[in-house]
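*Asks:*
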Amino acid sequence: MSEEVEHPAPRCFLLLLSVVPTGSEVVGSMSECAEFLLNETPPNVPGILEEGNILDQNRYKPICQTFGGIRRYVTLYDTKNKIPVFSASRYIGTNSKRPENEDWKIEPQLEDIHGNENMRKDVEGKTYNNQAVNSDYTNQGFDRGHLFPSSYASTEDDKKSTFTLTNIVPQNGPFNKGRWNKMESCIKCVLDEYCINNNDIKEGFLVIGAQPGNNIISNKINVPSMLWSAFCCYSK
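Numbering (our numbering), first residue to last: 1203 to 1438.
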């Protein structure tokens, strides 16, 4: 007699919110950072990333966000708009607090593919053609808003790795600290409460992205018109 085993279906969610006005390794394709993607499969972003293929590889760069020599999450970065298309990661819970006074970092390999793979602070006075730097956000009236938030990262170094400008978009301050922060907290509550895999380990996969808008700051950085967040996990 055979016994039919029931496998739980993954629970997936997508949330959209309209926006009111550490070194990382640049790689050749999203598949090189596939461990941070559900079923090792990147999302489809029409006109940008389709069926795992980056349509304009000169403009859009996949980054294995690397800090302390360890890959922490993955970002697809738009070197024209100077903001991420999305950041994605595997959620396993968190056991550390948000770093205080953490330095904002840039991606050396966006300027020189042979540069160091680890994120670091930008050099004052140096010109960066393919990404935002910290001073671009100074006195512009916008927060440096995380896509993949430090609150979702597990260890202290994981959290520090989220403070790279390749994971940041300009966000309206009240929106960032209000509705967006509330949504981040609600998603984390669901992940912590319900996303337990068959090995009794907390696990979920997240993708958080930005849709470019019509405004820019510092004559180069696009201000998104919408942010979106999606997550998926198995629930016992």
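We put the beta carbon where it would ideally sit given N, CA and C, even for glycine.
Taking the continuous alpha helix (DSSP H) assigned at N1383, which residues delimit it?
*Replies:* Counting along the chain, the alpha helix (DSSP H) containing N1383 begins and ends at N1383 to Y1396.
*Asks:* Going along the chain, which residues of its own chain have a beta-carbon closer than 6 Å to the beta-carbon of S1352, five neighbours each way excluded?
*Replies:* Cβ within range, chain order: R1300, K1361 and T1364.
*Asks:* Residue ranges of each alpha helix (DSSP H) run of no fewer than 4 residues wholly in the segment 1307-1380, ordered along the chain?
*Replies:* Counting only runs of 4 or more, we get 1358-1363.
*Asks:* Tell me T1277's beta-bridge partners as DSSP assigns them.
*Replies:* I1265 and S1289.
*Asks:* Whole angstroms are fine: how far does the CA of T1366 sit from the CA of T1281?
*Replies:* So the alpha carbons of these two residues sit roughly 14 Å apart.
*Asks:* Within its chain, find whatever has a CB closer than 6 Å to the CB of Y1339; leave out the 5 residues flanking it on each side and keep chain order.
*Replies:* So the qualifying residues of the chain are R1346.
*Asks:* Please report the Cβ distance between F1407 and R1292, rounded to the nearest whole angstrom; I am assuming they are in contact, meaning their Cβ atoms lie under 8 Å.
*Replies:* At roughly 6 Å, the Cβ-Cβ gap stays under 8 Å, so F1407 and R1292 are in contact.
*Asks:* Taking 8 Å as the CB-CB cut-off, is V1392 touching chain D?
*Replies:* Going by chain labels, chain D is absent from the structure shown, which holds only one protein chain.
*Asks:* At what residues does the beta strand (DSSP E) containing I1403 begin and finish?
*Replies:* First-last for I1403: undefined, no H or E at that position.
*Asks:* Please say whether A1290 and V1409 have beta carbons closer to each other than 8 Å?
*Replies:* In contact: V1409 and A1290 (Cβ atoms closer than 8 Å).
*Asks:* Pick from Q1333, P1372 and L1251: whose alpha carbon is nearest that of S1427?
*Replies:* Ranking Q1333, P1372 and L1251 by Cα distance to S1427 puts P1372 first.
*Asks:* Rounded C-beta distance between Y1279 and K1263? I'm assuming under 8 Å.
*Replies:* Indeed they touch by this definition, with Cβ atoms about 5 Å apart.
*Asks:* Can at least three beta-carbon pairs, one atom from the segment 1415-1429 and one from the segment 1328-1344, be found at a separation below 8 Å?
*Replies:* Yes, they touch.
*Asks:* Over the uninterrupted beta strand (DSSP E) stretch that includes V1425, give me the two end residues.
*Replies:* Run containing V1425: I1423 to V1425, per the beta strand (DSSP E) assignment.
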